[in-house]
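Enquirer: Numbering (UniProt numbering), first residue to last: 1 to 281. Would you mind keeping the following structure in view while I ask a few things?
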Amino acid sequence: MSAIDEGIINSMALATWVDAKIIDVTIINGREAPAIKRQRNKAVGQLQHKISKCKNGSKKHKRLVTAKKKINSKTKSSLCDFDHQVSNKAANHVISHNTARVIVGDVRGIEKETKSKRRMGRHGRQQLSQWSRGRQERYLKDKTGLDLDFLNESGSTKTCPACLTRNRPSGRYYRCKNPICGFTCHRDAVGAINILQKALCGEYTPIGPDTKIRVTYLRAVERWSLDQREAHRKVQCRKARALSSAQNRALSEATQISKPKLANSSTSTDSSVPDQLVVVA
Ligand SMILES: [Zn+2]
Numbered sequence: 001m002s003a004i005d006e007g008i009i010n011s012m013a014l015a016t017w018v019d020a021k022i023i024d025v026t027i028i029n030g031r032e033a034p035a036i037k038r039q040r041n042k043a044v045g046q047l048q049h050k051i052s053k054c055k056n057g058s059k060k061h062k063r064l065v066t067a068k069k070k071i072n073s074k075t076k077s078s079l080c081d082f083d084h085q086v087s088n089k090a091a092n093h094v095i096s097h098n099t100a101r102v103i104v105g106d107v108r109g110i111e112k113e114t115k116s117k118r119r120m121g122r123h124g125r126q127q128l129s130q131w132s133r134g135r136q137e138r139y140l141k142d143k144t145g146l147d148l149d150f151l152n153e154s155g156s157t158k159t160c161p162a163c164l165t166r167n168r169p170s171g172r173y174y175r176c177k178n179p180i181c182g183f184t185c186h187r188d189a190v191g192a193i194n195i196l197q198k199a200l201c202g203e204y205t206p207i208g209p210d211t212k213i214r215v216t217y218l219r220a221v222e223r224w225s226l227d228q229r230e231a232h233r234k235v236q237c238r239k240a241r242a243l244s245s246a247q248n249r250a251l252s253e254a255t256q257i258s259k260p261k262l263a264n265s266s267t268s269t270d271s272s273v274p275d276q277l278v279v280v281a
């Protein structure tokens, strides 16, 4: 069984028991996605301001609207690619651990309640409402062929997995304040481990004191992976070959058509030469 804790900064943290003593945790960093969205929001905002200032239907208006559409569609494809990268890395974890069940900490619906969450800043709310969590889950489902089960995850990032003390984590690192325990780990790994324990035992259950947590950090970047690049290269090569052969065919056809012309013209000059010669003679 694998458990997933989802977040904005770290898109997914996955935890799986390897054996009785070892938990494998994969943390997939997704900082890039908010950056792409921020860029888009800024550019679209600027364009929108300009659009509002010019006359509806004018040439400038049309140009600006086209530019806005282009930015939106480009961002959309970047984000789609990004979600594929995240789900691909998550699917690799799930498949490599031979997992039969995937449990996801239930955060469905937080995006919708953003307006009521006044304590969050405007920026935080915008980030939350543009979180493409649903699509990542869908891709993961497609890639692993497993259904995702949801589990209430309240308190999963605060509870210490070793002694169940509640701590308020500050920053990205979790430190248990219980002096006897002193457990430390990455904050999102804690969330994933707690969800895993809850799914296995029905409630938050401490992991053994000698449990080893192996954390792998991965980064989803909106750039092509080597596999994608290779696939793209193959397609482009095929296209290039098709194009060059079409060009060659067109060229050979063109020369075949022009050849008789050349022959005609040469014969005409040839014939004109004797004529001229005749005239001269
Ligand atoms: Zn503790």
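Using N, Cα and C, we set each Cβ at its ideal position, and we do this for glycine too. Note that the coordinates shown come from a computational prediction; the quantities given were computed from them, not determined experimentally.
1) Residues in the same chain with beta-carbon distance under 7 angstroms from residue 162, minus the five sequence neighbours each way, listed in chain order, please.
2) Heavy atom of ligand 1 less than 7 angstroms from the Cβ of residue 162, yes or no?
3) So is the beta-carbon of residue 165 under 7 angstroms away from any non-hydrogen atom of ligand 1?
4) Say the cut is 7 angstroms; is the CB of residue 178 nearer than that to a heavy atom of ligand 1?
5) Exposed or buried, what is residue 101 when buried is set at 16 or more other beta-carbons lying within 10 Å of its beta-carbon?
6) Would the segment 38–49 and the segment 68–77 be scored as touching if the rule is three or more Cβ pairs under 8 angstroms?
7) If you count every other CB in all the chains shown that lies within 10 Å of the CB of residue 136, and 16 or more means buried, which is it?
8) Beta carbon of residue 181: closer than 7 angstroms to some heavy atom of ligand 1?
9) Near residue 97, what residues of its chain come up, given a Cβ to Cβ distance below 6 angstroms and the 5 sequence neighbours on each side ignored?
10) Please report the straight-line C-alpha distance between residue 65 and residue 83, rounded to a whole angstrom.
11) Evaluate residue 168 with the Cβ neighbour count: other Cβ atoms within 10 Å of its Cβ, from every protein chain shown; 16 or more gives buried, anything less gives exposed.
12) Provide the residue(s) that pair with residue 6 in DSSP beta bridges, ordered along the chain.
13) Using CA atoms only, rank isn't needed, just tell me which of 11, 250, 193 and 202 is closest to residue 22.
14) Name the one or two DSSP bridge partners that residue 184 has.
15) Any idea what DSSP makes of residue 98, helix, strand or coil?
Expert: The short version:
1) One-based indexing of the sequence shown puts residue 162 at position 162. For residue 162, where only same-chain residues beyond five positions count, the Cβ hits under 7 angstroms are 176, 181, 183, 206, 207 and 209.
2) On the sequence shown, residue 162 is found 162 positions in, with the first residue counted as 1. Within the cutoff, so yes.
3) For the purposes of this step, residue 165 is taken as residue 165 along the sequence shown, with counting starting at 1. Yes, the Cβ of residue 165 comes within 7 angstroms of a heavy atom of ligand 1.
4) As a position in the sequence shown, residue 178 is number 178, starting the count at 1. Answer for residue 178: yes, Cβ within range of ligand 1.
5) The residue you call residue 101 lines up with position 101 of the sequence shown. The residue in question, residue 101, is exposed, as its Cβ has fewer than 16 Cβ neighbours within 10 Å.
6) yes
7) Within the sequence shown, residue 136 is the residue found at index 136, counting from 1. Residue environment analysis places residue 136 among the buried positions, since at least 16 neighbouring C-beta atoms fall within 10 angstroms of its C-beta.
8) Within the sequence shown, residue 181 is the residue found at index 181, counting from 1. Result yes, Cβ under 7 angstroms from ligand 1.
9) For the purposes of this step, residue 97 is taken as the residue at position 97 of the sequence shown. Cβ neighbours of residue 97 beyond the five flanking positions: 16.
10) Start at 1 with the first residue of the sequence shown, and residue 65 comes out as number 65. Start at 1 with the first residue of the sequence shown, and residue 83 comes out as number 83. Spanning the two alpha carbons is a distance of roughly 27 angstroms.
11) Start at 1 with the first residue of the sequence shown, and residue 168 comes out as number 168. With fewer than 16 Cβ atoms within 10 Å of its Cβ, residue 168 is classed as exposed.
12) As a first step, residue 6 must be located in the sequence shown, where it is residue number 6. Answer is 12.
13) Position 22 of the sequence shown, counted from the first residue, corresponds to residue 22. Of the candidates 11, 250, 193 and 202, the one whose C-alpha sits nearest the C-alpha of residue 22 is 193.
14) Position 184 of the sequence shown, counted from the first residue, corresponds to residue 184. 175.
15) In the sequence shown, the residue the question calls residue 98 occupies position 98. Of the three classes helix, strand and coil, the one that applies to residue 98 here is coil, per DSSP.
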